[in-house]
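There are 2 protein chains.
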Amino acid sequence: MDVSEFDLIDSCFAPLSKDYEEAYGLKNDAALISEHPDSSTVVTMDTLIAGVHFFNSDPADDIARKCLRVNLSDLAAMGAKPTAYTLSMAYSDDLNAPWVKSFVRGLDADQQEFSIRLIGGDTVKTHGPLTITITCFGSVPRHRCLKRNTATPGQDIWVSGTLGDSAAGLQILKGEVSFDNQELRDVLVHRYQVPMPRIGLGICLLNDNISNTAMDVSDGLLADLSHITKASKVGATVLEQKLPYSNALKALFSKNETLKMVELAVTGGDDYELLFTADKLYRKKINDLARKLSLKISCIGSINSDKGVSLIEENGNHIHLSKMGWKHF
Amino acid sequence: MDVSEFDLIDSCFAPLSKDYEEAYGLKNDAALISEHPDSSTVVTMDTLIAGVHFFNSDPADDIARKCLRVNLSDLAAMGAKPTAYTLSMAYSDDLNAPWVKSFVRGLDADQQEFSIRLIGGDTVKTHGPLTITITCFGSVPRHRCLKRNTATPGQDIWVSGTLGDSAAGLQILKGEVSFDNQELRDVLVHRYQVPMPRIGLGICLLNDNISNTAMDVSDGLLADLSHITKASKVGATVLEQKLPYSNALKALFSKNETLKMVELAVTGGDDYELLFTADKLYRKKINDLARKLSLKISCIGSINSDKGVSLIEENGNHIHLSKMGWKHF
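As you go down the protein sequences, you meet chains A and B in turn.
Just so you know, we're using full-length UniProt numbering here: the first sequence kicks off at 1 and counts up by one.
Just so you know, we're using full-length UniProt numbering here: the second sequence kicks off at 1 and counts up by one.
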């Protein structure tokens with residue numbers, strides 16, 4: 001290991017805090033957040049572990065960006081504008097300078113992309129796997145945010161982007177499926193390695209009063225939708241034919257593998273798309289927003305006064321995913 | 001393992017957030033901090049790992065409290081009043097319910113003691129050692145805090161409590177030294193396992209304008225003092241005969257082991273006492289404060305315009321700790 005803790009903080013991480021005066025160049029015991037008096041600070045925290053949440057062999061800059069982005073996705077689900085983050089890295093003896101440089105390059109790239117700054121953290125040695133914890137901060141109008149317990153019967157259910165790509169990418173990386181089309185293969189793998197938090201959408205949903213209810217899809221569409229229905233004490237119906245699939249995912253599965261594709265889309269997880277509900281009168285507004293953000297946003301079903309979440313085929317039949325080995329329900 | 005992730009968050013951790021409305025019972029993607037408009041939020045983050053920062057065999061409630069308290073000590077060093085924290089726990093398959101209950105009991109006890117609340121976090125499985133990261137939040141007057149780069153020549157150097165106890169406790173636990181006096185042995189071990197953050201002192205130093213410059217002693221007195229002198233571009237002299245030793249530490253060492261005791265006190269680390277500088281005119285105020293807080297506060301030396309940190313014997317001789325295998329300088 002050719003990176004001392006001194007180097008790690010002073011040479012590698014401190015430059016990432018340079019535009020944030022109250023981080024004191026990471027030389028103090030802590031940093032200050034001086035939030036605008038009309039705002040609240042949103043706080044979220046996620047830990048990612050080598051061999052669990054990413055592969056040791058993944059590019060270091062992609063690992064850095066994934067660690068940031070799963071946190072940024074939580075901020076998006078609250079309708080927050082990202083502002084800053086702290087990072088704790090538990091690393092083992094085999095950490096080397098090129099890896100760290102690539103890791104810092106990944107953080108730096110996403111700092112630019114999402115206008116955030118590193119303001120503090122910790123570095124420690126571990127005899128276990130590389131373990132990265134990020135606490136991410138965002139800003140919302142004072143005391144306001146998107147929640148999970150505010151869905152009401154009659155509302156539409158919407159989801160951003162496409163589903164199942166990340167889960168397919170993971171299956172490809174694990175060698176569980178193969179995909180001859182190198183270009184489309186890379187699209188799916190990239191969706192797993194570097195998810196895209198839907199920050200702009202979350203901010204617009206909250207600030208334009210389009211929705212009160214959102215979360216990001218990390219456990220899988222139906223599992224996450226069930227978090228909303230349980231918290232809101234409502235039910236939900238999802239229409240299979242409305243689910244958004246990427247061309248890459250459609251190309252991966254043959255015609256007689258449609259059910260496999262559906263399963264991946266609704267249970268695969270790691271999508272980091274925004275799932276939200278909205279009154280029907282906002283349909284035009286949401287479609288306008290999709291155009292403005294150049295982001296596909298699909299109406300995939302509706303909230304009802306039942307319990308639980310149903311997935312329904314075009315012909316009206318229920319799809320019973322439990323039979324397909326899906327364990328969340 | 002008989003604790004599912006569901007139980008861990010909903011049954012064990014959620015009750016710790018009950019008095020903090022904007023944590024949403026840990027059911028949302030994130031929590032809100034709505035800081036008073038006249039205040040700034042202080043953020044600090046520390047990771048502790050089994051086998052590195054605590055022993056696997058340590059009582060779970062003590063582990064919980066140590067994880068919180070090393071963070072609270074950072075807040076004390078900023079002069080902040082603690083308010084809330086997020087916790088991420090990476091745990092392995094051998095986690096069991098009694099351990100978790102004890103861990104939660106430890107958190108709960110310190111929540112009461114320091115008036116803080118759990119507001120969010122993460123739980124993940126690891127194939128490595130138990131790894132606990134806490135991000136802790138405090139409150140300071142807007143844009144104000146104690147720093148490291150504001151010491152000036154002529155100022156006194158002060159330290160709270162006693163030094164070396166925690167390092168001695170660690171040596172006892174590792175079997176490197178033995179101590180027949182069970183009661184005093186327990187005092188030293190407890191100082192290692194459950195440090196005492198000097199919250200009240202930090203708040204008074206900042207709010208009463210007694211000091212601008214403080215940090216907590218975690219790497220060892222001289223190493224931490226050198227962080228202050230480097231950041232402030234000054235030097236420091238520490239008088240050996242002024243160093244504060246506990247009765248337990250004095251009992252551990254025989255008369256001809258004084259140098260060993262000194263070494264432990266100035267290089268041992270993990271003291272979590274507050275080290276600060278103040279103008280001479282505040283001596284009475286600081287002694288009054290010590291009485292008010294029922295806390296020993298010792299003037300141990302002074303800041304000068306040289307470079308580096310010197311440790312001086314009563315006869316005026318320099319003590320060269322480098323010869324004693326001390327590697328920080």
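Cβ coordinates follow ideal geometry from the N, Cα and C atoms, glycine included.
Cβ of S34(B) within 8 Å of any chain A Cβ
Output row for S34(B): interface = yes.
First and last residue of the uninterrupted alpha helix (DSSP H) at M78(A):
For M78(A), the enclosing alpha helix (DSSP H) begins and ends at 60-78.
Supposed contact pair I312(A) and T229(A) - C-beta distance, whole angstroms, cut 8 Å
Incorrect: roughly 15 Å between the Cβ atoms, too far for contact.
Report the residue from P15(B), F276(B), G308(B), C12(B) whose alpha carbon sits nearest the alpha carbon of Q155(B).
For Q155(B), the nearest C-alpha among the options comes from F276(B).
Report the option in G202(A), S17(A), S178(A), S139(A) whose CA atom is closest to the CA atom of W158(A).
If we check each option's Cα against that of W158(A), G202(A) comes out closest.
What separation, rounded to the nearest whole angstrom, lies between the Cα atoms of I63(A) and K81(A)?
Distance between the alpha carbons of I63(A) and K81(A): 22 Å.
At a CB-CB cut-off below 7 Å, which residues of chain B make contact with I49(A)?
Result: A90, V124, T126.
Under a Cβ-count criterion, where at least 16 other Cβ atoms within 10 Å of its own Cβ denotes burial, should D93(A) be classed as buried or exposed?
Exposed: under 16 other Cβ atoms inside 10 Å.
For K147(A), count neighbouring C-beta atoms within 10 Å of its own C-beta (all shown protein chains included) and say buried if the count is 16 or more, exposed if not.
By the beta-carbon neighbour count (other beta carbons within 10 angstroms, threshold 16), K147(A) is buried.
For the beta strand (DSSP E) containing K230(A), list its first residue and its last residue.
Element bounds for K230(A): not the beta strand (DSSP E) but the alpha helix (DSSP H), 221-232.
According to DSSP, is P37(B) part of a helix, a strand, or is it coil?
Shown here, P37(B) sits in coil according to DSSP, grouped into three states, outside any helix or strand.
On the CB-based measure, 16 or more other CB atoms within 10 Å of its CB, does M324(B) come out buried or exposed?
Residue placement at M324(B) is flagged as unreliable, the pLDDT there being 41, under the threshold of 50; a coordinate-derived value is accordingly withheld.
Is it buried or exposed, R291(B), if we count other Cβ atoms within 10 angstroms and call 16 or more buried?
In this structure R291(B) is exposed. Its beta-carbon is surrounded by fewer than 16 other beta-carbon atoms within 10 angstroms.
Does the distance from the CB of Y91(B) to the CB of K125(B) come in under 8 Å?
It is a contact, given that the beta carbons lie within the stated cut-off.
Ordered along the chain, which non-local residues of its own chain (more than five positions away) have a Cβ less than 6 Å from that of R105(A)?
Result list for R105(A): D61, in chain order.
Anything in chain B within Cβ reach of M196(A), meaning under 9 Å, just list it in chain order.
Within 9 Å Cβ-Cβ: nothing; M196(A) doesn't reach chain B, min ~16 Å.
Return the residues of the region 145-178 of chain B that lie within a Cβ-Cβ distance of less than 9 Å from chain A, sorted by chain order.
Across the region 145-178 of chain B, CB contacts with chain A closer than 9 Å involve C145, L146, K147, R148, N149, in sequence order along the chain.
Contact set between H143(B) and chain A, taken where Cβ atoms lie within less than 8 Å
Identification of chain A residues near H143(B) by a Cβ-Cβ cut-off of 8 Å yields E22, L32, S34, ordered along the chain.
Pairs of beta-carbons, one from the region 247-267 of chain A and one from the region 168-183 of chain A, closer than 8 Å: are there three or more?
They touch, by the three-pair rule.
Taking I33(B) and A84(B) to be in contact with their CB atoms under 8 Å, please state how far apart those CB atoms are, rounded to whole angstroms.
About 7 Å; that satisfies the 8 Å criterion.
Looking at the structure shown, is D122(B) part of a helix, part of a strand, or coil, going by DSSP?
Note: D122(B) maps to strand in three-state DSSP.
Once you ignore the five residues that flank L205(B) on each side, which residues in its own chain have a CB closer than 7 Å to its CB?
Taken in chain order, the residues that qualify are G79, L146, S211, A214, F276.
If we define contact as Cβ-Cβ less than 8 Å, is A77(A) a contact residue for chain B?
The Cβ of A77(A) sits closer than 8 Å to at least one Cβ of chain B.
Using the Cα positions of N96(B) and L130(A), report the straight-line distance between them to the nearest angstrom.
The straight-line gap from Cα to Cα measures roughly 24 Å.
Please list the segments of the beta strand (DSSP E) lying wholly inside the region 100-182 of chain A, counting only runs of 3 or more residues, in order along the chain.
Correct list: 117-125, 131-141, 156-160.
Could you say if the region 20-27 of chain A and the region 102-122 of chain A meet the contact criterion of at least three C-beta pairs nearer than 8 Å?
The answer is yes - the region 102-122 of chain A touches the region 20-27 of chain A, with three or more Cβ pairs under 8 Å.
So, does the CB of V234(B) fall closer than 8 Å to a CB anywhere in chain A?
V234(B) does not count as touching chain A.
If you measure between the beta carbons of V42(A) and S139(A), is that distance less than 8 Å?
Cβ atoms of V42(A) and S139(A): closer than 8 Å.
Considering only residues of the region 233-289 of chain B, which uninterrupted beta strand (DSSP E) runs meet the minimum length of 3 residues and lie entirely inside it, listed in chain order?
Within the region 233-289 of chain B, complete beta strand (DSSP E) segments of at least 3 residues are found at 235-239, 274-278, given in chain order.
If we define contact as Cβ-Cβ less than 8 Å, is M215(B) a contact residue for chain A?
Yes, contact with chain A.
Test: V100(A) CB closer than 8 Å to a CB of chain C
Protein chains in the displayed structure are A and B, and chain C is not among them.
Count the other CB atoms, across all protein chains shown, that sit within 10 Å of the CB of R283(A); report buried if there are 16 or more and exposed otherwise.
Its Cβ having fewer than 16 others within 10 Å, R283(A) is exposed.
Quick check on V43(A) - is its C-beta less than 8 Å from some C-beta in chain B?
It does; some Cβ of chain B falls within 8 Å.
Look at the Cβ atom of T152(A), then the Cβ atom of Y245(A), and state whether they are nearer than 8 Å.
Taking 8 Å as the Cβ cut-off, T152(A) and Y245(A) do not qualify as a contacting pair.
With a cut-off of 8 Å on the beta carbons, I'd call L170(A) and D306(A) a contact; round off their distance for me.
At roughly 32 Å, the Cβ-Cβ gap does not stay under 8 Å, so L170(A) and D306(A) are not in contact.
Can you tell me whether DSSP reads M1(B) as helix, strand or coil?
Below a pLDDT of 50, predicted positions are generally treated as unreliable, and M1(B), at 49, falls in that range; the measurement from the model is reported next regardless. In the structure shown, M1(B) sits in coil (DSSP, three-state: anything other than H, G, I, E or B).
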